[in-house]
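*Asks:* Taken in order, these protein sequences are the chains called P and D. Heads up: the first sequence is residues 7 to 423, going by the numbering used here. Heads up: the second sequence is residues 7 to 423, going by the numbering used here. Beta carbons are placed, not taken as given, at the ideal position from N, Cα and C, and that holds for glycine. As the structure is a prediction and not an experimental result, all values here were calculated from the model. Below is a structure I'd like to ask you about.
There are 2 protein chains.
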Amino acid sequence: MRLLLEEIGVNARKAKWSLAGVPSGDRNRLLELSAAALESGADRILAENARDADAAEAASVKPALIDRLTLNAERIAGMAGGLRKVAALPDPVGEFFDTRTLPNGLIIGKKRVPLGVVAIIYESRPNVTSDAFGLCFKSGNAVILRGGKEAIRSNAAIVAVIRAALAKAGFDEDVIQLIPDTSRETAAALMKLNKYVDVLIPRGSASLIRSVTDNATIPTIETGVGNCHIYVDESADLSMAERIIVNAKVQRPGVCNACEKIVIHGAVADAFLPRIAAALSAHGVELRGDERAAGIAPAVSVITDPEEWFEEYLDLKIGIKISDSLDDAIRHIRAFTSGHSEAIITESYAASQRFLADIDAAAVYVNASTRFTDGEEFGLGAEIGISTQKLHARGPMGLRELTSYKYVVYGDGQIRG
Amino acid sequence: MRLLLEEIGVNARKAKWSLAGVPSGDRNRLLELSAAALESGADRILAENARDADAAEAASVKPALIDRLTLNAERIAGMAGGLRKVAALPDPVGEFFDTRTLPNGLIIGKKRVPLGVVAIIYESRPNVTSDAFGLCFKSGNAVILRGGKEAIRSNAAIVAVIRAALAKAGFDEDVIQLIPDTSRETAAALMKLNKYVDVLIPRGSASLIRSVTDNATIPTIETGVGNCHIYVDESADLSMAERIIVNAKVQRPGVCNACEKIVIHGAVADAFLPRIAAALSAHGVELRGDERAAGIAPAVSVITDPEEWFEEYLDLKIGIKISDSLDDAIRHIRAFTSGHSEAIITESYAASQRFLADIDAAAVYVNASTRFTDGEEFGLGAEIGISTQKLHARGPMGLRELTSYKYVVYGDGQIRG
């Protein structure tokens, strides 16, 4: 497998160079062609997807996971639509910025360039295969994909369709490569392929992210773990707080920007907690919390393991903490934040400013649902993931976050004195 | 040691929060006070430095290394001057940018924030201690320093002087912490302190950088390895080429932006190689190269191990390759670049554009010495290191590169539909 990975790395590096200087229009046309190819190749993709689903069922894979990996005509149309949408976005590559003339006459500026070779490790959803290709190709990067074993046939079919479109249009097919082996050992070896891969982006569960952090020698962007808090200040509009919390918890509980914990100011706990507990219970949400919360609302069961305050439930389940001050709420959130999205509901200007300044997360909100932390919602057009680290990019990452820059220096013989 | 590191991590996190909201003016005043404290504490620092130098001599450390670690009144004045200069630079923290109003009325923007806790692993030069503190403190970061064992007493004295200045001004002293233990095991444990440290910056030899890449679980910025090439095109002004190459090789051969390899177009090799060989030999430069180069200039000894083309000599030594075309030169440089700085000497517009587009390095030059890749020279005011990776920052890193951003979102009750 080492040898195969080495070969994939060499091919990716070659393919990355083949993209240098390809005009934006040509890259966009290829994305349109790939979209059409996905549509006309739908039967083949669906047939392979059905084999994946059968195998998953035979292996007693959980229904939720089978649902995530199952494609249909509509989902394939969605993948094609995604590629067309990326084609229509502005091209970040080639932008010149921060240009200036130095006292010695050197003209210096930064030119935006692709990252180079991007590797993506992801789990069950096969649409990530075409989405990731679209964003990487548009931004001039070659991509190495390592998807989950449940979707291997679907992913292989999607990649084959796209590679055929690339070959037909005269591109190096190796701008997209799928690692055929879905073993953990191969994933671990990929994480150490820093000779060829410029950046590694894991998309998936907390355990996948941790494995990448622990093992990768390639510069990595951590994505997607969200233990998001909503703090209800003593001055909050309680109807607004209820509306926002219910939305952030139940509209789509399995995603990283869903609300996992609420912190309620003690002064409004008696008024607000029974009300939000009833509203959440009506949506089938299990209520967990500290002893004070349980004392006020009997439906709340007590959290005894402190580690649970770190937990991302990804489920109809919420943790409730009562705090006696804004300071205490900030301390609590600082201690347990995953650095994804945190919100305050308040009518106090001072409290809103304190919260925005003192909470450090990819996105901090006043009076809005955490569910907005998303590339589409933030206007990036599409996203390759949501960064929860501070290096390079934070929050939703779109095309621009798939680029780097280089200094370009024009001289006329300057030497250093 | 694990326990000590854990304590250092906890302290650094606390100290990072203590800096949130400290106005720029107060941070600048502290830098001025620290500069004055270094000057008034010079005797104490020099006494400890003399003990380091004695110990190094007793341990038969190489004279070049002893020279690097030795301080004197002038070098201390330089350190103080560095802090005053950083105080005078513009403050990157707090900048709001990319602000916009979304269709649903949410107002969203990015706010520039400190990285948080920065760890720096470095080698012998004690001035890095105050330089790194100045840049990190100015940009609102707490810093954990792990210097080389040869300079441990000097570093401890510098840190003690700065901590005293911090305490006197009412700051949390733990915004600067020095790890007292200089063992490799502790360095390795620091690299895995991702619970507390946001970013790790290694400054030093290629083997240090490699050790960090291999072991760190903290997001890392690779710095400073420079196998820099200068390509002499067939259309080059040969006098300019000679002037630039001599400057880039001999002005300061031990630094990362010095020229290590030259590539000469075959059409000018007979005219240029004997001339540059004589000029470099006159400066005591050892000439290495391929067989063609050795055939033209007998002073050139042949490189037989291909790995040498990757080598950063950091010495009065240069490798010479003859290429028959710009394409071949680009292929060679792509194969052996360390991604630091690469230059072309040419009078051809087309060749200059090809080189700038096709060579991927932190800095690409036309008709200038690679020695300019430097924070001061590029106008950043100061630098914490030169990044040779593509994530986050590339080339010289100043104050701005020690920051991240967070999305700030102002709502009035928005929920996701």
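DSSP on Arg57 (chain D), reduced to helix/strand/coil?
*Replies:* By one-based count along the second sequence, residue 57 (chain D) stands at place 51. Helix.
*Asks:* With DSSP run on the structure shown, which of helix, strand or coil describes Val231 (chain D)?
*Replies:* Working through the second sequence from its first residue, we reach residue 231 (chain D) at position 225. Note: Val231 (chain D) maps to coil in three-state DSSP.
*Asks:* Kindly indicate which three-state DSSP category Asp137 (chain P) falls into: helix, strand or coil?
*Replies:* As a position in the first sequence, residue 137 (chain P) is number 131, starting the count at 1. Of the three classes helix, strand and coil, the one that applies to Asp137 (chain P) here is helix, per DSSP.
*Asks:* Mapping the DSSP letters down to three states, classify Phe102 (chain P) as helix, strand or coil.
*Replies:* Translated into positions along the first sequence, residue 102 (chain P) becomes position 96. Reduced to three states, the DSSP call for Phe102 (chain P) is strand.
*Asks:* Between Gly232 (chain D) and Ile392 (chain D), is the Cβ-Cβ spacing less than 9 Å?
*Replies:* Here residue 232 (chain D) refers to the residue found at position 226 of the second sequence. Here residue 392 (chain D) refers to the residue found at position 386 of the second sequence. Yes.
*Asks:* My parser needs the alpha helix (DSSP H) runs of 4 or more residues fully inside the stretch 201 to 245 of chain P; what are they?
*Replies:* With a minimum length of 4 residues, the continuous alpha helix (DSSP H) runs that stay inside the stretch 201 to 245 of chain P are 212 to 221.
*Asks:* Looking at chain D, which residues of the stretch 242 to 260 of chain P have a Cβ within less than 7 Å of any of its Cβ atoms?
*Replies:* Listed in sequence order: Met246, Arg249, Ile250, Asn253, Gln257.
*Asks:* Could you tell me which chain D residues have their CB closer than 9 Å to the CB of Tyr128 (chain P), listed as they occur along the chain?
*Replies:* In the first sequence, residue 128 (chain P) corresponds to position 122, counting from 1. Near Tyr128 (chain P) there are no residues of chain D at all, since even the closest Cβ is about 19 Å away, more than 9 Å.
*Asks:* For Asp330 (chain D), which option in D:Glu12, D:Ser189, D:Val274 has the closest C-alpha, if you only look at C-alpha atoms?
*Replies:* To locate residue 330 (chain D), count along the second sequence from 1; it is residue 324. It is D:Val274 whose Cα lies nearest to the Cα of Asp330 (chain D).
*Asks:* Could you name the residues of the same chain whose beta carbon sits closer than 7 Å to that of Gly325 (chain D), not counting the 5 residues immediately before and after it, in chain order?
*Replies:* Indexing the second sequence from 1 puts residue 325 (chain D) at position 319. Glu266, Lys267, Arg294, Gly295, Ile309, Glu314, Trp315.
*Asks:* Nearest-angstrom Cα distance between Phe102 (chain P) and Tyr413 (chain P)?
*Replies:* Mapped onto the first sequence, residue 102 (chain P) falls at position 96. Mapped onto the first sequence, residue 413 (chain P) falls at position 407. Rounded to the nearest angstrom, the two C-alpha atoms are 10 Å apart.
*Asks:* DSSP on Ala264 (chain D), reduced to helix/strand/coil?
*Replies:* As a position in the second sequence, residue 264 (chain D) is number 258, starting the count at 1. Ala264 (chain D): coil per DSSP, three-state reduction.
*Asks:* DSSP has Thr409 (chain P) in a bridge; who is on the other side?
*Replies:* On the first sequence, position 403 is the one that residue 409 (chain P) refers to. DSSP, once it has assigned bridges, lists P:Pro120 as partnering Thr409 (chain P).
*Asks:* Find the residues of chain P that neighbour Ala368 (chain D), judging by a C-beta separation of less than 8 Å, and give them in chain order.
*Replies:* Translated into positions along the second sequence, residue 368 (chain D) becomes position 362. Those within 8 Å of Ala368 (chain D) in chain P are Lys412, Tyr413.
*Asks:* Just to confirm before moving on: does the CB-CB distance between Val256 (chain D) and Gly290 (chain D) stay below 9 Å?
*Replies:* In the second sequence, the residue the question calls residue 256 (chain D) occupies position 250. In the second sequence, the residue the question calls residue 290 (chain D) occupies position 284. Result yes, Cβ atoms of Val256 (chain D) and Gly290 (chain D) sit closer than 9 Å.
*Asks:* Where does the unbroken alpha helix (DSSP H) through Tyr355 (chain D) begin, and where does it stop?
*Replies:* Here the question's residue 355 (chain D) lines up with position 349 in the second sequence. Unbroken alpha helix (DSSP H) run through Tyr355 (chain D): 355 to 364.
*Asks:* Quick check: what's the CA-CA separation for Glu38 (chain P) versus Ala86 (chain P)?
*Replies:* Along the first sequence, read from residue 1 onward, the residue named residue 38 (chain P) stands at position 32. Along the first sequence, read from residue 1 onward, the residue named residue 86 (chain P) stands at position 80. Each residue's alpha carbon lies about 8 Å from the other.
*Asks:* Between the Cα of Ser207 (chain P) and the Cα atoms of P:Val124, P:Ser46, P:Gln395, which residue gives the shortest distance?
*Replies:* Working through the first sequence from its first residue, we reach residue 207 (chain P) at position 201. The sequence shown places Ile at residue 207 (chain P), not Ser. Measuring from the Cα of Ile207 (chain P), the nearest candidate turns out to be P:Val124.
*Asks:* Taking DSSP's pairing of strands, which residues face Tyr371 (chain D) in a bridge?
*Replies:* Residue mapping note: residue 371 (chain D) aligns to position 365 of the second sequence, counting from 1. DSSP lists P:Val415, D:Ala349 as partners of Tyr371 (chain D).
*Asks:* Determine, using beta carbons only, whether Lys396 (chain D) comes closer than 9 Å to chain P.
*Replies:* By one-based count along the second sequence, residue 396 (chain D) stands at place 390. Interface residue, yes.
*Asks:* Between which residues of its own chain and Glu63 (chain P) is the CB-CB distance below 7 Å, once the five residues before and five after are set aside?
*Replies:* Taking the first residue of the first sequence as position 1, residue 63 (chain P) is located at position 57. Excluding residues within five positions, the ones whose Cβ falls inside 7 Å are Ile72.
*Asks:* Starting from Lys327 (chain P), follow the beta strand (DSSP E) in both directions and report where the run begins and ends.
*Replies:* For the purposes of this step, residue 327 (chain P) is taken as the residue at position 321 of the first sequence. Run containing Lys327 (chain P): 323 to 329, per the beta strand (DSSP E) assignment.
*Asks:* Give the secondary structure of His338 (chain P) by DSSP, where H, G and I count as helix, E and B as strand, and everything else as coil.
*Replies:* Along the first sequence, one-based indexing puts residue 338 (chain P) at 332. Three-state result, His338 (chain P): helix.
*Asks:* Around the Cβ of Ala288 (chain P), are there at least 16 other Cβ atoms within 10 angstroms (buried) or fewer (exposed)?
*Replies:* Numbered from its first residue, the first sequence carries residue 288 (chain P) at position 282. Per the 10 Å Cβ criterion, exposed.
*Asks:* From Ile390 (chain D) to Ser410 (chain P), what does the alpha carbon distance come to, in whole angstroms?
*Replies:* The residue labelled residue 390 (chain D) in the question sits at position 384 within the second sequence. The residue labelled residue 410 (chain P) in the question sits at position 404 within the first sequence. Going by the C-alpha atoms only, they are around 19 Å apart.
*Asks:* Excluding the five sequence neighbours on either side, which residues of its own chain have a C-beta within less than 6 Å of the C-beta of Ala212 (chain D), listed in chain order?
*Replies:* Sequence index remark: in the second sequence, residue 212 (chain D) carries index 206 (1-based). Contacts found: Val231.
*Asks:* Since I believe Ile351 (chain P) is in contact with Ala283 (chain P) (beta carbons under 8 Å), could you give me their beta-carbon distance rounded to a whole number of angstroms?
*Replies:* Position 277 of the first sequence, counted from the start, is the residue given in the question as residue 283 (chain P). Position 345 of the first sequence, counted from the start, is the residue given in the question as residue 351 (chain P). About 16 Å; that fails the 8 Å criterion.
*Asks:* Between the Cα of Asn373 (chain P) and those of P:Leu25, P:Lys327, P:Ile250, spot the shortest distance and give me the residue it belongs to.
*Replies:* Position 367 of the first sequence holds residue 373 (chain P). The residue with the shortest Cα to Cα distance from Asn373 (chain P) is P:Ile250.
*Asks:* When DSSP labels each residue in this structure, what does Ile82 (chain D) get in the three-state scheme?
*Replies:* The residue you call residue 82 (chain D) lines up with position 76 of the second sequence. Note: Ile82 (chain D) maps to helix in three-state DSSP.
*Asks:* How is Glu292 (chain D) classed by DSSP in three states: helix, strand or coil?
*Replies:* Translated into the one-based positions of the second sequence, residue 292 (chain D) becomes position 286. If DSSP states are grouped into helix, strand and coil, Glu292 (chain D) belongs with the strands.
*Asks:* Mapping the DSSP letters down to three states, classify Pro186 (chain D) as helix, strand or coil.
*Replies:* Counting from 1 along the second sequence, the entry for residue 186 (chain D) is found at position 180. Coil at Pro186 (chain D), not helix or strand.
*Asks:* Taking the alpha-carbon of Ser145 (chain P) as reference, which of P:Ile164, P:Leu121, P:Glu54, P:Ala70 has the nearest alpha-carbon?
*Replies:* Within the first sequence, the letter at position 139 stands for residue 145 (chain P). The candidate whose alpha carbon is nearest that of Ser145 (chain P) is P:Leu121.
*Asks:* Tyr416 (chain P) CB to nearest chain D CB: under 9 Å?
*Replies:* Taking the first residue of the first sequence as 1, we reach residue 416 (chain P) at position 410. It does: the Cβ of Tyr416 (chain P) has a partner Cβ on chain D nearer than 9 Å.
*Asks:* What did DSSP end up calling Val16 (chain D) once you bin it into helix, strand or coil?
*Replies:* For this step, residue 16 (chain D) is matched to residue 10 along the second sequence. Val16 (chain D): helix per DSSP, three-state reduction.
*Asks:* Is any beta-carbon of chain P found at less than 9 Å from that of Pro69 (chain D)?
*Replies:* Position 63 of the second sequence, counting from 1, holds the residue named residue 69 (chain D). No, because no Cβ of chain P sits closer than 9 Å to the Cβ of Pro69 (chain D).
*Asks:* Give the C-beta separation of Phe384 (chain D) and Ile114 (chain P) to the nearest angstrom, bearing in mind that I take them to be a contact with Cβ-Cβ under 8 Å.
*Replies:* Against the second sequence, residue 384 (chain D) aligns to sequence position 378. Against the first sequence, residue 114 (chain P) aligns to sequence position 108. About 6 Å separates the two Cβ atoms, so the contact holds.
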